[in-house]
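To start, the structure itself, in C-alpha cells.
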Amino acid sequence: MHVLVLGAGITGVTTAWYLRRAGFDVSVIDRQPAAGLETSYANGGQISVSHPEPWANPSAPLIALRWLGRSDAPLRFRPSRDPAQWRWALAFLRECLPGRTRRNTEAIASLAVYSAAQLRSLREELGLGYEFLGRGILHLFFSQREFRDAGERVEILARHGIRARLCGRGEMLAIEPALAAVADRIAGGIHAPDDESGDAFRFTQALAARCEEAGVHFYYGTRIRRLLHTGGLIDAVEVEDAAGHTGQLSAGAYVVCLGSYSPALVAPLGERLPIYPVKGYSITAPVADPARAPMVSLTDESARIVCSRLGDRLRVAGTAELNGFDTTPDPLRGQGILRWLEDRLPGAIDPAKAQLWAGLRPATPGNTPLIGKGGGVNLWYNTGHGTLGWTLACGSAAALATLMGGGRPDPRFPFLGRA
Ligand SMILES: Cc1cc2nc3c(=O)[nH]c(=O)nc-3n(C[C@H](O)[C@H](O)[C@H](O)COP(=O)(O)OP(=O)(O)OC[C@H]3O[C@@H](n4cnc5c(N)ncnc54)[C@H](O)[C@@H]3O)c2cc1C
C-alpha cells in the first residue's frame, strides 16, 4: 500500500523510515526545502527518558501563578481571543489532577523506554552521524524545596525500569566537572546514566537521506492546502508548490505528522486534535573553553533549562510561551538564556557567536502524543509530541508502523483507535 506522510520533521521522517521498513510504499510531503527545518531544527538535544512527568502536574497551577506577569518567567501565557488557546489551557488544568498526571507519566515512560531502544538499534544499524553522546542526563536542583521530591521521582522511574539515582554535590562534580562554578549552590541532583543527547536536526536529515536510498520519495517545497475526502475516506491531498501551482497527491493511507499545524488540516473533517503550539527558545554557540562546556547533558530543574553538547557547539534551550503561531524570536528571551549560561557555565561559549532560535512544541495538554488511527477510513496520526518529540520519535514511528500493519505495539500507551 502507498502511504503519504504529511510533514518531514523528526516525526514524519522516522514515520517514513519505519513504514518503509515494514514494507509500505512511502512518500513524504513538506512545505520546507528540506527535512527538519521547523520545530525539529534546534531543540534541546536530549533523549530524556528520565523526564516522563508532563508539565501538567499537581504543582503546575501554583508555579504558573507565581510566574504570572514576569517577563522572564520560564512559562508565559499571553491570553488571546483564540478559543483553541483557552480550550487547551482548561484541558491542561484538568490534566494537572493527580490521577491524570500519574496516567500520563506512565504512558510517556513506557513509550520513552521503548523509543530509546529503537533509537539505539537504529543507530547501530545505520551508523547515523548526529553528534550523539551517551553520557546520561544530570538533573540539577538549586533549591532544597525542589530537591525534596527528587527521591520520589527516582522511585517512579525505577518502577518503569529507568535507571536514575540521587547525587550529592561531590558526585555531581565528578560526573560533570564543568559544574565547578555552581557546585556550592547546588542542592542536589539526579543522574540518569542511560539518557543520551544529540542533534535532532542532523539525525532527521541523515535519516531522510537513508529513506530516499530505501525508495521513499520526498516532495519538498510543497504546501499541503487541504484533504479532499468523500465521507470518511481521504481521496487526495491538495498541494501547492513554491511557484503557486496546485495539484493533488493520493495514496491508500495518510499519516498526519504536521506538528502544531496538524489540527487545522483535519478540522474540516470534524476531527478536533487537542494540540496547541508552545513556543520555546534555544541558543547554539561554539564552545569557547572545552573544559567549561559540559559533555553530560544537563537539565536545570529550577530554571527549566536544558543544555547539550553537540560536538564543538553547546545548545541551551528552554522557556514556554502560549501565544499562538508566531515563531519570531524575542531577543529578551535570548538574553535570559545567555544570563543562565553566564551564571551556571561561565566562559563555556562565545556569546557573540550565539544563534537564537524559536520553535513551536506541538503540545497536547497532558504531553501524550496522538499516535494511531484517526476518524475515517484511511487517516492516521503521529503528532502532538510536545516537549519530548526527539525522545519519543523512533518509538512513536515504530509503534505506528506496527499498528498500520495490523499488529500490537509493545508500549503500554493509549494508542488511538485501539480497543
Ligand atoms: C525549545 C525546544 C526545546 C526542545 N527540546 C527537546 C529535547 O531536548 N528533547 C526532546 O525530546 N524534545 C525536545 N523538544 C520537542 C521536539 O523538538 C518536538 O516535539 C519535535 O521537534 C516535533 O517534531 P514534529 O516532526 O512533530 O514537528 P516539526 O518538526 O515541526 O515538523 C512538522 C513539519 O510539518 C511541516 N508542515 C506543517 N504544515 C505544513 C503544510 N501545510 N504543508 C506542508 N508541510 C507542512 C513543517 O514544515 C515541518 O517540517 C524541544 C522543543 C523546543 C521548541
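Residue 1 is where the sequence shown starts when you use UniProt numbering, and the numbers rise one by one after that.
The C-beta atom is built at its ideal place from N, Cα and C for all residues, glycine as well.
- Nearest residue (CA-CA) to Ser282, options Ser396, Ala22, Asp241 and Leu341: Taking the sequence shown and counting its residues from 1, the one referred to as residue 282 is at position 282. Ranking the options by Cα distance to Ser282, first place goes to Leu341.
- Applying the criterion that 16 or more other CB atoms from any shown protein chain within 10 Å of the CB defines a buried residue, is His2 buried or exposed? The residue you call residue 2 lines up with position 2 of the sequence shown. It is exposed - the Cβ of His2 has fewer than 16 other Cβ atoms within 10 Å.
- Task: Measure from the C-beta of Thr319 to each C-beta in chain B and report whether the shortest distance is under 8 Å.
- Result: Judged by its chain identifiers, the structure shown contains no chain B, having just a single protein chain.
- Work out the CA separation of Gly375 and Glu271 for me, nearest whole Å. Taking the sequence shown and counting its residues from 1, one reaches residue 271 at position 271. Taking the sequence shown and counting its residues from 1, one reaches residue 375 at position 375. Looking at the two C-alpha atoms, the distance is approximately 7 Å.
- Task: With a threshold of 7 Å, establish whether the CB of Asp326 neighbours any heavy atom of ligand 1.
- Result: Working through the sequence shown from its first residue, we reach residue 326 at position 326. For ligand 1, not one heavy atom lies less than 7 Å from the Cβ of Asp326.
- Based on the DSSP secondary-structure assignment, which residues constitute the bridge partners of Thr246? Start at 1 with the first residue of the sequence shown, and residue 246 comes out as number 246. Thr246 is bridged to Glu240.
- Task: Identify, in the order they occur along the chain, each residue of the same chain with its Cβ nearer than 7 Å to the Cβ of Gly189, setting aside the five sequence neighbours on each side.
- Result: Here residue 189 is taken as the residue at index 189 of the sequence shown, counted from 1. So the list reads Leu138, His139, Leu140, Phe141, Cys167 and Met172, once near-sequence residues are dropped.
- Item | Rounded separation between Gly170 and Gln205 - CA only | Counting from 1 along the sequence shown, the entry for residue 170 is found at position 170. Counting from 1 along the sequence shown, the entry for residue 205 is found at position 205. Taking the CA atoms as reference points, Gly170 sits about 39 Å from Gln205.
- Within 10 angstroms of the Cβ of Lys279, are there 16 or more other Cβ atoms? Answer buried if so, exposed if not. One-based indexing of the sequence shown puts residue 279 at position 279. With a threshold of 16 other beta carbon atoms within 10 Å, Lys279 meets it and is buried.
- May I ask you to check if the CB of Tyr276 is nearer than 7 Å to at least one heavy atom of ligand 1? What you label residue 276 is simply residue 276 of the sequence shown in a count that begins at 1. Not under cutoff, so the answer is no.
- Task: For the beta strand (DSSP E) containing Thr14, list its first residue and its last residue.
- Result: On the sequence shown, position 14 is the one that residue 14 refers to. Premise fails: Thr14 lies in the alpha helix (DSSP H), Ile10 to Arg21, not in any beta strand (DSSP E).
- Message: Buried or exposed for Asp300, going by 16 or more other Cβ atoms inside 10 Å?
- Response: Here the question's residue 300 lines up with position 300 in the sequence shown. Classification for Asp300: buried.
- Buried or exposed (CB count within 10 angstroms, at least 16 for buried), Asp326: Position 326 of the sequence shown holds residue 326. Exposed.
- Query: What does a CB cutoff of less than 6 Å around Leu19 pick up in its chain, not counting 5 residues either side in sequence?
  - Reply: Locating residue 19 in the sequence shown gives position 19, counting from the first residue. The answer, listed in chain order, is Val3, Val26 and Ala401.
- Message: Would residue 425 and Gly23 be called neighbours here (beta carbons separated by less than 8 Å)?
- Response: In this structure the chain extends from 1 to 419, so residue 425 is not present and cannot be described.
- Query: Is Pro329 helix, strand or coil when you go by DSSP?
  - Reply: By one-based count along the sequence shown, residue 329 stands at place 329. It is coil, neither helix nor strand.
- Task: With distances taken Cα to Cα, identify the nearest neighbour of Trp357 among Leu338, Gly405, His160 and Arg292.
- Result: By 1-based counting over the sequence shown, the position of residue 357 is 357. Closest by alpha carbon: Leu338.
- Message: Counting C-beta neighbours from all protein chains within 10 Å, is the total for Gln118 16 or more, i.e. buried, or is it exposed?
- Response: The residue labelled residue 118 in the question sits at position 118 within the sequence shown. Label assigned to Gln118: buried.
- Count the other CB atoms, across all protein chains shown, that sit within 10 Å of the CB of Leu388; report buried if there are 16 or more and exposed otherwise. Within the sequence shown, the letter at position 388 stands for residue 388. So Leu388 counts as buried.
- Taking C-beta to C-beta, are Thr383 and Ile275 nearer than 8 Å? Numbered from 1 along the sequence shown, position 383 holds the residue referred to as residue 383. Numbered from 1 along the sequence shown, position 275 holds the residue referred to as residue 275. Cβ atoms of Thr383 and Ile275: closer than 8 Å.
- Query: So who's on the other strand from Cys307, going by DSSP bridges?
  - Reply: Locating residue 307 in the sequence shown gives position 307, counting from the first residue. According to DSSP, Cys307 bridges with Leu298 and Val316.
- Task: Would you mind sorting Leu75 into buried or exposed? The rule is 16 or more other CB atoms within 10 Å of its CB.
- Result: Position 75 of the sequence shown, counted from the start, is the residue given in the question as residue 75. Answer is buried; the Cβ neighbour count reaches 16.
- Query: Using DSSP with H/G/I as helix, E/B as strand and the rest coil, what is Thr383?
  - Reply: Within the sequence shown, residue 383 is the residue found at index 383, counting from 1. It is a strand residue.
- Ala358 - DSSP class collapsed to helix/strand/coil: For the purposes of this step, residue 358 is taken as residue 358 along the sequence shown, with counting starting at 1. Three-state result, Ala358: strand.
- Query: Roughly how many angstroms separate the alpha carbons of Val146 and Tyr220, rounded to a whole number?
  - Reply: If you number the sequence shown from 1, residue 146 lands on position 146. If you number the sequence shown from 1, residue 220 lands on position 220. The identity of residue 146 in the sequence shown is Glu, whereas the question assumes Val. The straight-line gap from Cα to Cα measures roughly 46 Å.
- Task: Could you please give me the residues that DSSP links to Cys167 through a beta bridge?
- Result: Numbered from 1 along the sequence shown, position 167 holds the residue referred to as residue 167. Its beta-bridge partners are Gly189.
- Give the DSSP bridge partners of Tyr219, in chain order. Within the sequence shown, numbered from 1, the residue matching residue 219 stands at position 219. DSSP lists Ile29 as partners of Tyr219.
- Item | Exposed unless 16 or more other CB atoms sit within 10 angstroms - verdict on Gln248 | In the sequence shown, residue 248 corresponds to position 248, counting from 1. Counting Cβ neighbours within 10 Å, Gln248 comes out exposed, since fewer than 16 surround it.
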